[in-house]
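Engineer:
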Amino acid sequence: MAVSELLSLTLFITFLCAVNNGRVEATHEIYPQFQSLSAVSVHQLHRTAFHFQPPKNWINDPNAPMYYNGIYHFFYQYNPKGAVWGNIVWAHSVSKDMINWKALEPAIYPSHRFDRKGAWSGSATILPGNKPIILYTGVDPSDRQVQNYAVPANLSDPYLRKWIKPAGLNPVVDPEAGVNASAFRDPTTAWWLSGHWRMVVGSKRNHRGMAYLYRSRDFIHWIKAKHPLHSAPHTGMWECPDFYPVLLSGRQGLDTSVVGKQVKHVLKVSLDVTRYDYYTVGTYLTNEDRYVPDNTSVDGWAGIRYDYGNFYASKTFFDPAKKRRILWGWVNESDTTSDDVRKGWAGIQAIPRIVWLDPSQRQLMQWPIQELETLRGTNVKMNHQMLKTGDHIEVKGISAAQADVDVTFYIPSLDKVEAFNLGWSLTDAQLLCAKKGSKVQGGIGPFGLLALASENLEEYTPVFFRIFKSSQKHIVLLCSDARSSSLKDGLYKPSFAGFVDVDLTDKKLSLRSLWKASELEEKHASHLGFILR
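According to mature numbering (1 follows the signal peptide of the UniProt record, and there is no 0), the stretch in the sequence shown is residues -26 to -1, 1 to 507, in order.
#1: Return helix, strand or coil for S487, following the three-state DSSP convention.
#2: Confirm, please, whether the CB-CB distance from K91 to P115 is below 8 Å.
#3: Need the endpoints of the beta strand (DSSP E) that A93 sits in, please.
#4: Taking the Cβ atom as the reference point for each residue, do Y52 and V63 lie within a distance shorter than 8 Å?
#5: Quick one: measure Cβ to Cβ for M40 and F291, integer angstroms, because I've assumed they're closer than 8 Å.
#6: For my contact list, residue 537 and P326 are in at a C-beta cut-off of 8 Å; report their separation, rounded to the angstrom.
#7: Does the segment 421 to 438 touch the segment 452 to 463, meaning 3 or more C-beta pairs lie closer than 8 Å?
#8: State the start and end residues of the unbroken alpha helix (DSSP H) segment that holds T311.
#9: Give me, in chain order, the residues of the same chain whose beta-carbon lies closer than 7 Å to that of V232; leave out the 5 immediate sequence neighbours on both sides.
#10: How should K490 be labelled, buried or exposed, when 16 other C-beta atoms within 10 angstroms of its C-beta is the threshold for buried?
#11: For the segment 287 to 311, list the beta strand (DSSP E) runs that are entirely contained and at least 3 residues long, ordered along the chain.
#12: What beta strand (DSSP E) runs, 3 residues minimum, are completely inside the segment 93 to 161?
#13: Three or more beta-carbon pairs under 8 Å between the segment 466 to 479 and the segment 401 to 418, yes or no?
#14: Would DSSP call Q51 helix, strand or coil?
#15: Would you kindly work out how many angstroms separate the C-alpha atoms of Y384 and L483, rounded to a whole number?
#16: For A(-1) and V354, I'd like the C-alpha separation in whole angstroms.
#17: Would a C-beta distance cut-off of 8 Å place W137 and I108 closer than the cut-off?
#18: Check whether the segment 253 to 269 touches the segment 193 to 210, counting contact only when three or more Cβ pairs, one atom from each stretch, lie closer than 8 Å.
#19: Output the residue ranges of the alpha helix (DSSP H) runs that lie fully inside the segment 401 to 489 and measure 4 residues or longer, sorted by chain position.
#20: Under 8 Å between the Cβ atoms of V120 and P145?
#21: Just verifying my parser: in three-state terms, what is the DSSP assignment at D35?
#22: Using DSSP's beta-bridge definition, name the partner residues of residue 508.
#23: Report the CB separation of R440 from L451 in whole angstroms; it is logged as a contact under 8 Å.
#24: Short of 6 Å in beta carbon distance, which residues of its chain neighbour R336, apart from the five on each side in sequence? Order them along the chain.
#25: Along the chain, where does the beta strand (DSSP E) that runs through I367 open and close?
#26: Classify L388: buried if its beta carbon has 16 or more other beta carbons within 10 angstroms, exposed otherwise.
#27: R336 by DSSP, collapsed to three states: which one?
#28: In its own chain, which residues sit with a C-beta less than 6 Å from the C-beta of M173, not counting the 5 before and 5 after it?
#29: Find the nearest neighbour of R279 within the set G318, D475, D251 and R298, judged by alpha-carbon distance.
#30: Taking the Cβ atom as the reference point for each residue, do K76 and Y46 lie within a distance shorter than 8 Å?
#31: Measuring straight from C-alpha to C-alpha, what distance separates A38 and I418?
#32: May I ask which residues mark the beginning and end of the beta strand (DSSP E) holding W166?
#33: Which value, in whole angstroms, describes the spacing of the CA atoms of T352 and D378?
#34: Quick one: what's got a C-beta closer than 8 Å to A295's C-beta in the same chain, skipping five residues either side?
#35: Return yes when the Cβ of H170 is within less than 8 Å of the Cβ of S156, no when it is not.
#36: Enumerate, from N- to C-terminal direction, the unbroken beta strand (DSSP E) stretches of 3 or more residues contained entirely within the segment 211 to 248.
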């Protein structure tokens, strides 16, 4: 049933100006003819102004974000020669606020036997004496994936421009017998416990995802533990693992080495099979060096995702200056390869977010870093707007190509919603969203935002809620449906969705949405509005 409700809306619409200066995997499509084809000029239309992206060319995984001596360092996989995957190096940018970035020369690029065929993802760790070190995956001439390290050439350089890969000591970890040398990559940030450093390398054994555990006293000589930190059947390759502690209460972040009764641990893996990031919350058994997910967390694609959109290969780091843990993730482009080459760039990084444990201790909470609000400009407010079934309310006088929107929906008749048999839909939010879209009524809704909309709604991108009622509780579905975002053919226009675990006691739902027009929106006008179907 569709219910007409009073929806109380408070909006903050912002005009933003440009601020950015700037692995071979089974599912990476390879285009050798384009890998070194750099654009003569970069197509600036619809480049984002508040997500991180380099001035041009291809970008993918965030490698080793870190904070060091007052500077945020961001390393990322980058093709310096073209707008498709290939020629990958560790690009390096620095910032004092994670908003305004300065691009530097690449920190790591293939140059030795141990990384001749690739310098892939890894992590940074700060050693005693305030000394940063990077662990990363190299690909040797035999296509074996090995783990290497690099250190700054000059610690007095505030930007750490140059990095050294000691040839006589690398690789520091070789895949031993029984380890799949073609699926052995992405070492984590290390943690210190009982006289040893520990770190994890992602892998697979047949179809079992593996988080191999290694120990070292000196960060150079590593020994593989007898058992993995964790593994799970039928999940495939575990890329870009991330393992870190979170406090049982509060938003404060923790250094990766913190253990104790006041924390739980999070293990995140990027599943090569699905190209999404999943995590579990659980207990790190320090006496056994094992991680055990709680019974409310499930491994694999039935589990919890960081983000139910296009988000992959994520990495967190601890920011000691503001006592917070920050999450970065890669957002792949939706254009065709030929369009990427034509416009001269592909891929962005998602907005950095702080993460902390939900009071229920079953999942993580996330919120964009506070620094992002410094980009807010014109403030447009709308209050106490009544939405009735079939309504479209447009926010007048703005261009919605770039906006930061805060909206609260108030639903006074929530208790009057009839029970709705979702059946199989409870197990697949994305399929439910795709089946019903933003036009079919059911439960309460759909209601939400229409963004990047053309004047006559030939094109629009809806982000919306649906509320259903099962026999026990209300079920909230959040959808983003790109199928109507462009009239152009050949684009990747999926619907993304997730069931949102929220408390509806106050009958309110809040949504913050950061909009930017990407290359797939070819519009003469761009509008923002609200809907109740």
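Built from N, CA and C at the ideal position, the CB exists for glycine as well.
These numbers were taken from a predicted model, which means no experiment stands behind them.
Structural biologist: In this structure, then:
#1: Numbered from 1 along the sequence shown, position 513 holds the residue referred to as residue 487. S487: strand per DSSP, three-state reduction.
#2: Here residue 115 refers to the residue found at position 141 of the sequence shown. Here residue 91 refers to the residue found at position 117 of the sequence shown. Closer than 8 Å, so yes.
#3: Your numbering for residue 93 matches position 119 in the sequence shown. Unbroken beta strand (DSSP E) run through A93: A93 to L101.
#4: For the purposes of this step, residue 52 is identified with residue 78 of the sequence shown, where counting begins at 1. For the purposes of this step, residue 63 is identified with residue 89 of the sequence shown, where counting begins at 1. Yes.
#5: Looking up residue 40 in the sequence shown gives position 66. Looking up residue 291 in the sequence shown gives position 317. Contact flag correct, Cβ pair sits at about 5 Å.
#6: Nothing can be reported for residue 537: it is not among the residues displayed for the chain, which extend from -26 to 507.
#7: yes
#8: Translated into positions along the sequence shown, residue 311 becomes position 337. It spans T311 to K317 - the alpha helix (DSSP H) in which T311 sits, taken as one unbroken run.
#9: Within the sequence shown, the letter at position 258 stands for residue 232. Counting only Cβ-Cβ distances below 7 Å, and skipping sequence neighbours, we find P219.
#10: In the sequence shown, the residue the question calls residue 490 occupies position 516. By the neighbour-count rule (16 or more Cβ atoms within 10 Å), K490 is buried.
#11: 298 to 305
#12: 93 to 101, 105 to 113 and 119 to 126
#13: yes
#14: Mapped onto the sequence shown, residue 51 falls at position 77. Three-state result, Q51: strand.
#15: Reading the sequence shown from its first residue, position 410 is the one you call residue 384. Reading the sequence shown from its first residue, position 509 is the one you call residue 483. The alpha-carbon atoms of Y384 and L483 are separated by roughly 7 Å.
#16: As a first step, residue -1 is located in the sequence shown; it is residue number 26 there, counting from the start. As a first step, residue 354 is located in the sequence shown; it is residue number 380 there, counting from the start. Interpretation of A(-1) is limited by its pLDDT of 34, a score under 50 that renders its predicted location unreliable; the figure taken from the coordinates is listed afterwards. For A(-1) and V354, the distance between alpha carbons rounds to 46 Å.
#17: Numbered from its first residue, the sequence shown carries residue 137 at position 163. Numbered from its first residue, the sequence shown carries residue 108 at position 134. Against a cut-off of 8 Å, the Cβ pair of I108 and W137 comes out as a contact.
#18: yes
#19: 403 to 410
#20: Start at 1 with the first residue of the sequence shown, and residue 120 comes out as number 146. Start at 1 with the first residue of the sequence shown, and residue 145 comes out as number 171. Contact: yes.
#21: The residue you call residue 35 lines up with position 61 of the sequence shown. Three-state result, D35: strand.
#22: Nothing about residue 508 can be reported from this structure: the residues present for the chain run from -26 to 507 only.
#23: Your numbering for residue 440 matches position 466 in the sequence shown. Your numbering for residue 451 matches position 477 in the sequence shown. Their Cβ separation, rounded to whole angstroms, is 4 Å, which keeps R440 and L451 in contact under 8 Å.
#24: In the sequence shown, the residue the question calls residue 336 occupies position 362. Closer than 6 Å at Cβ, skipping near neighbours: T270.
#25: The count along the sequence shown starts at 1 and reaches residue 367 at position 393. From DSSP, the beta strand (DSSP E) with I367 extends over D365 to E368.
#26: Numbered from 1 along the sequence shown, position 414 holds the residue referred to as residue 388. By the 10 Å Cβ count, L388 comes out buried.
#27: For this step, residue 336 is matched to residue 362 along the sequence shown. Here R336 sits in coil by DSSP.
#28: As a position in the sequence shown, residue 173 is number 199, starting the count at 1. Cβ within range, chain order: P161, T162, A164 and Y188.
#29: Taking the sequence shown and counting its residues from 1, one reaches residue 279 at position 305. Looking at the Cα atoms, D251 is the closest of the given residues.
#30: Here residue 76 is taken as the residue at index 102 of the sequence shown, counted from 1. Here residue 46 is taken as the residue at index 72 of the sequence shown, counted from 1. The answer is no: Cβ separation not under 8 Å.
#31: Taking the first residue of the sequence shown as 1, we reach residue 38 at position 64. Taking the first residue of the sequence shown as 1, we reach residue 418 at position 444. Their backbone Cα atoms lie some 43 Å apart in a straight line.
#32: Against the sequence shown, residue 166 aligns to sequence position 192. From DSSP, the beta strand (DSSP E) with W166 extends over W165 to L167.
#33: Counting from 1 along the sequence shown, the entry for residue 352 is found at position 378. Counting from 1 along the sequence shown, the entry for residue 378 is found at position 404. Each residue's alpha carbon lies about 10 Å from the other.
#34: In the sequence shown, counting from the first residue as 1, residue 295 sits at position 321. Hits under 8 Å: Y41 and G44.
#35: Stepping through the sequence shown from its first residue, residue 156 is reached at position 182. Stepping through the sequence shown from its first residue, residue 170 is reached at position 196. No, these two residues do not count as a Cβ contact at 8 Å.
#36: 212 to 221 and 237 to 245
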